[in-house]
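Structure first, then comments.
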Amino acid sequence: MCGIVGYVGPRSALDVIIEGLRRLEYRGYDSAGVALIAGGKLESERRAGKLANLEAALAEHPMSEANTGIGHTRWATHGAPTDRNAHPHLDCTGSLAVIHNGIIENFARLRAGLEERGHELTSDTDTEAVAHLLEEEFPAADGDLAEALRRVCRKLQGAFTLVVTHVDAPDVVVGARRNSPLVVGRGDGENFLASDVSAFIAHTREAVELGQDQVVEIRRDGVTVTDFDGNPATSREYHVDWDASAAEKGGYDWFMLKEIEEQPQAVADTLLGRIDVAGRLSLDEMRLSDEELREIDKIIVIACGTAFHAGLIAKYAIEHWTRIPCEVELASEFRYRDPILDRQTLVIAISQSGETMDLLMALRHARDQGSRVLAICNTNGSTIPRESDAVLYTHAGPEVAVASTKGFLTQLVACYLVALYLGQVRGTKWGDEITSVVDDLRAMPGKIAQVLEGMEPVRELARELCEERSVLFLGRHVGYPVALEGALKLKELAYIHAEGFAAGELKHGPIALIENGLPVIAIVPPPRGRNILHDKIVSNIQEVRARGARAIVIAEEGDTTVDAIADHVIRIPSAPTLLQPLLSTVPLQVFACELASAKGHDVDQPRNLAKSVTVE
Ligand code: M6R
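Heads up: the sequence shown begins at 24 in our numbering, then just goes up one per residue.
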């Protein structure tokens, strides 16, 4: 939600900011704006719509050359996505500009006070209140912009990243964070602020992770971090282990396509270094001792969206391999139902971005109740792993498309590793059983690559079905969350009605939806070992087909039972039942991507969405 960039250094601030906003546009794309300090003046431009609208405006009305500035790309919360509500927001005198990510919850009261004191507010946003508060505090802080921001932050409630520039402090940019992300990029004679490192990765890979309730001041020659009271604060410095090319489209039409294709490598990278020479799993970022893990008597997985589907699949593996009871819950619901939590409960929080506010609030609730939290996350330095007791990074590389793909597969792998590790530590799995699953996991990158090679018929089918108004997905066991994930992908990208069902539930109601020609996509488990799940879903496919549905079936190579009952068969390589989602999800990603493309939609930036959801 909202991308933020700030720059101080010798380069053209506008060029650095526009390039950074392009990389951050996945975070929000309702409007964009910039503010620069040039020749003793503050210049600002902002436009509703995508970054391209702002760039067109800048081409028509070029801004002056400047070396200090800030930029913003917005996902609207308070106020419609119009020019007027686009960031930056200025004070009454036009001397300072503010950009913001998050929600200032007490803004109505602050705004009323400001208006009483004679300020003229011109937008419907919560952010603008901050600009006017800073206008009051800047002189009171003797022109020290960081001090003025600290004073303002102490008055704010809610979640915020704020970045500010002021005409009377032309060589600094200041920022503050509470519950929303902000990282510093440390360059040589230049420094950057951004919502995530991709904004400055082309210039530096040295980053500083800001902590909760910190204010930062960047200058050409340095960076100063304090808490909201002005005390020096410590922050973690780290080196980013991927480069600018990882955040580019690399010749693909969409980031999503590139990220789908990257899945074999991403899965291999998640597995890398986890198995020691003796064949034992070692998860060194766990920071929870084996003894603590042996005390666990319940696991609760919390997550949102696609990550929640990964959690649903994890439950099958965790309970099967460890015999520990496992619940899976949407993070947005978790803390409101008063869950039973204690020291013996391990909470697993799954998030690609590490920023999802619903999840952050849920994990804080769990820790407040004494539970231990293990984060499974893709984004180094983000808030969720930092606030957890332990973290397992997925190492998938940056995921830019709003629709999560490689994020999902690598979350699955991380969940399998955690389940196996618990099985190892608690002795519920023999060493050779673990080795055998690990070998199966190691074969997955090759099998995912095989699935990807055979995707042309899936793309053709997607183009053929692009005028459909509804598609249903069926699965059983781990195939059920895969069905949910297939439906979510289609909803968010193609904007059509799509629903995933547990196939056994059909007869309890949803079968009434079936009508002539309705596409129904079914995920069929492996047929081996007289798999009862396989036979049951074959019956369910026959039931929908008998009522006129067009049956599209994802089944293993060599599973001939489906030939007679399916209108289309999508083949995937064989895999153990629990690991099959690593393969069966891939055609559904490709299907949704192609269908949305055929409808002419922006696949990477679907309407109304943002990549990181940093509001509740
Ligand atoms: O960054 P997170 O994994 O915490 O994000 C959770 C969801 O917002 C995310 O998976 C969302 O559902 C995706 N757009 C789905 O493709």
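Backbone N, C-alpha and C define an ideal beta-carbon position, used for all residues, glycine too. Every value quoted in this text rests on a predicted model; they were computed, and no experiment measured them.
For this session: May I ask you to list the residues that DSSP assigns as paired with Asp250?
Result: Counted from its first residue, the sequence shown places residue 250 at position 227. Asp250 is bridged to Gln237.
For this session: Could you check which residue in Lys73, Asp627, Leu157 has the C-alpha nearest to that of Ala426?
Result: Here residue 426 refers to the residue found at position 403 of the sequence shown. Closest by alpha carbon: Asp627.
For this session: List the residues that DSSP assigns as beta-bridge partners of Ser374.
Result: Start at 1 with the first residue of the sequence shown, and residue 374 comes out as number 351. Its beta-bridge partners are Cys400.
For this session: Check whether the Cβ of Cys489 sits closer than 6 Å to any heavy atom of the ligand M6R, and report yes or no.
Result: Within the sequence shown, the letter at position 466 stands for residue 489. No; taking the cut-off as 6 Å, the Cβ of Cys489 has no heavy atom of the ligand M6R nearer than that.
For this session: For Val436, verify whether its CB is less than 6 Å away from any heavy atom of the ligand M6R.
Result: Residue 436 sits at position 413 when you count from the first residue of the sequence shown. Result no, Cβ not under 6 Å from the ligand M6R.
For this session: Compare the C-alpha of Arg243 against each of Pro193, Asp250, Asn129 and name the closest.
Result: As a working mapping, residue 243 is identified with position 220 in the sequence shown. Among Pro193, Asp250, Asn129, the Cα nearest to that of Arg243 is on Pro193.
Exercise. Where does the unbroken beta strand (DSSP E) through Gly125 begin, and where does it stop?
Worked result: Reading the sequence shown from its first residue, position 102 is the one you call residue 125. Segment 119 to 127, the beta strand (DSSP E) holding Gly125.
Problem set entry | Touching by the beta-carbon criterion (3+ pairs, under 8 Å), the segment 303 to 314 and the segment 433 to 451 | By the Cβ criterion, the segment 303 to 314 is in contact with the segment 433 to 451, since at least three pairs of Cβ atoms, one from each stretch, lie closer than 8 Å.
Problem set entry | Residue closest to Ala80, alpha-carbon to alpha-carbon, out of Ser258, Leu495, Val57 | Here residue 80 corresponds to residue number 57 of the sequence shown, with the count starting at 1. If we check each option's Cα against that of Ala80, Val57 comes out closest.
Exercise. Under the DSSP definition of a beta bridge, which residues are partnered with Glu232?
Worked result: Sequence index remark: in the sequence shown, residue 232 carries index 209 (1-based). DSSP output for Glu232 lists Val206, Arg259 as bridge partner(s).
Problem set entry | His500 in three-state terms, based on DSSP | Indexing the sequence shown from 1 puts residue 500 at position 477. It is coil, neither helix nor strand.
Exercise. Over what stretch of residues does the alpha helix (DSSP H) that includes Ala466 continue unbroken?
Worked result: Along the sequence shown, read from residue 1 onward, the residue named residue 466 stands at position 443. First-last of the alpha helix (DSSP H) with Ala466: 454 to 476.
Problem set entry | Cβ distance (whole Å) where Ile546 is taken to contact Gly623 below 8 Å | For the purposes of this step, residue 546 is taken as residue 523 along the sequence shown, with counting starting at 1. For the purposes of this step, residue 623 is taken as residue 600 along the sequence shown, with counting starting at 1. Not really, about 28 Å apart at Cβ, beyond 8 Å.
Exercise. Which residues mark the beginning and the end of the alpha helix (DSSP H) in which Cys438 is found?
Worked result: For the purposes of this step, residue 438 is identified with residue 415 of the sequence shown, where counting begins at 1. Start and end: 429 to 449.
Exercise. Relative to the ligand M6R, is the shortest distance from any of its heavy atoms to the C-beta of Ala426 smaller than 6 Å?
Worked result: The residue given as residue 426 occupies position 403 in the sequence shown. Within 6 Å of the C-beta of Ala426 there is at least one heavy atom belonging to the ligand M6R.
For this session: State yes or no: is the C-beta of Val592 within less than 7 Å of the C-beta of Ala578?
Result: Translated into positions along the sequence shown, residue 592 becomes position 569. Translated into positions along the sequence shown, residue 578 becomes position 555. Yes, the pair counts as a contact, with Cβ atoms nearer than the cut-off.
Exercise. How is the alpha helix (DSSP H) around Leu335 delimited, first residue to last?
Worked result: Your numbering for residue 335 matches position 312 in the sequence shown. Segment 328 to 345, the alpha helix (DSSP H) holding Leu335.
Exercise. With a CB to CB cut of under 6 Å and the five nearest residues on each side skipped, what residues in its chain are close to Glu421?
Worked result: Residue numbering aside, residue 421 sits at position 398 when the sequence shown is read from its first letter. Residue identity differs from the one stated: residue 421 is Pro in this sequence, not Glu. Hits under 6 Å: Ser221, Ala269, Ala270.
Exercise. Helix or strand or just coil, what does DSSP make of Ser54?
Worked result: The residue you call residue 54 lines up with position 31 of the sequence shown. Correct three-state label for Ser54: strand.
For this session: Let me know if Ile319 comes out buried or exposed under the rule of 16 or more other beta-carbons within 10 Å of its beta-carbon.
Result: Locating residue 319 in the sequence shown gives position 296, where the first residue counts as 1. Buried is the call here.
Exercise. Under a Cβ-count criterion, where at least 16 other Cβ atoms within 10 Å of its own Cβ denotes burial, should Pro33 be classed as buried or exposed?
Worked result: In the sequence shown, the residue the question calls residue 33 occupies position 10. Exposed is the call here.
For this session: Using three-state DSSP, classify Lys559 as helix, strand or coil.
Result: Residue 559 sits at position 536 when you count from the first residue of the sequence shown. Helix.
Exercise. If we ignore side chains and look at the alpha-carbon of each, how far apart do Glu128 and Glu138 end up?
Worked result: Counting from 1 along the sequence shown, the entry for residue 128 is found at position 105. Counting from 1 along the sequence shown, the entry for residue 138 is found at position 115. Rounded to whole angstroms, Glu128 to Glu138 spans 17 Å at the Cα level.
Problem set entry | Beta-carbon contacts of Ser355 that lie in its chain and below 6 Å, excluding the five residues immediately before and after | If you number the sequence shown from 1, residue 355 lands on position 332. Around Ser355: Asp381.
Problem set entry | Burial state of Arg360, where buried means 16 or more other Cβ atoms lie within 10 Å | Taking the first residue of the sequence shown as 1, we reach residue 360 at position 337. Answer is exposed; the Cβ neighbour count stays below 16.
For this session: Determine the extent of the beta strand (DSSP E) in which Gly29 is found, giving its start and end residues.
Result: Walking along the sequence shown from the start, residue 29 turns up at place 6. In this chain, the beta strand (DSSP E) harbouring Gly29 covers 26 to 31.
Exercise. Does the beta-carbon of Trp344 have 16 or more other beta-carbons within 10 angstroms, so that it is buried, or is it exposed?
Worked result: The residue you call residue 344 lines up with position 321 of the sequence shown. Buried, because 16 or more other Cβ atoms sit within 10 Å of the Cβ of Trp344.
For this session: Compute the minimum distance between the beta carbon of Val28 and the heavy atoms of the ligand M6R, and state whether it is under 6 Å.
Result: Mapped onto the sequence shown, residue 28 falls at position 5. At a cut-off of 6 Å, the beta-carbon of Val28 does not count as near the ligand M6R: no heavy atom of the ligand is closer than that.
Exercise. Who are the near neighbours of Leu44 in its chain, counting only those whose CB is closer than 7 Å to its CB and skipping five residues on each side?
Worked result: Counted from its first residue, the sequence shown places residue 44 at position 21. These residues qualify, in order along the chain: Gly26, Val28, Ala55, Leu74, Gly94, Thr96.
For this session: Please confirm whether any heavy atom of the ligand GTP lies closer than 6 Å to the CB of Ala330.
Result: In terms of ligand content, the structure shown lacks the ligand GTP and carries the ligand M6R instead.
Problem set entry | Entirely enclosed alpha helix (DSSP H) segments - the segment 534 to 595, minimum 4 residues | With a minimum length of 4 residues, the continuous alpha helix (DSSP H) runs that stay inside the segment 534 to 595 are 555 to 569.
Exercise. DSSP state of Ala419, grouped into three classes?
Worked result: For this step, residue 419 is matched to residue 396 along the sequence shown. Correct three-state label for Ala419: coil.
For this session: Kindly indicate which residue of Leu397, Val501, Leu335 has the alpha-carbon position closest to the one of Thr368.
Result: Within the sequence shown, numbered from 1, the residue matching residue 368 stands at position 345. Taking only the C-alpha atoms, the option nearest Thr368 is Leu397.
For this session: Determine the extent of the alpha helix (DSSP H) in which Lys530 is found, giving its start and end residues.
Result: Translated into positions along the sequence shown, residue 530 becomes position 507. Lys530 -> no alpha helix (DSSP H), and no H or E assigned at all.
Exercise. Which word fits Lys429, buried or exposed, when buried means at least 16 other C-beta atoms lie within 10 angstroms of its C-beta?
Worked result: Walking along the sequence shown from the start, residue 429 turns up at place 406. When all chains shown are included, Lys429 counts as buried.
Problem set entry | Check: Cys25 C-beta below 6 Å from any heavy atom of the ligand M6R | Taking the first residue of the sequence shown as position 1, residue 25 is located at position 2. No, the ligand M6R has no heavy atom inside 6 Å of this Cβ.
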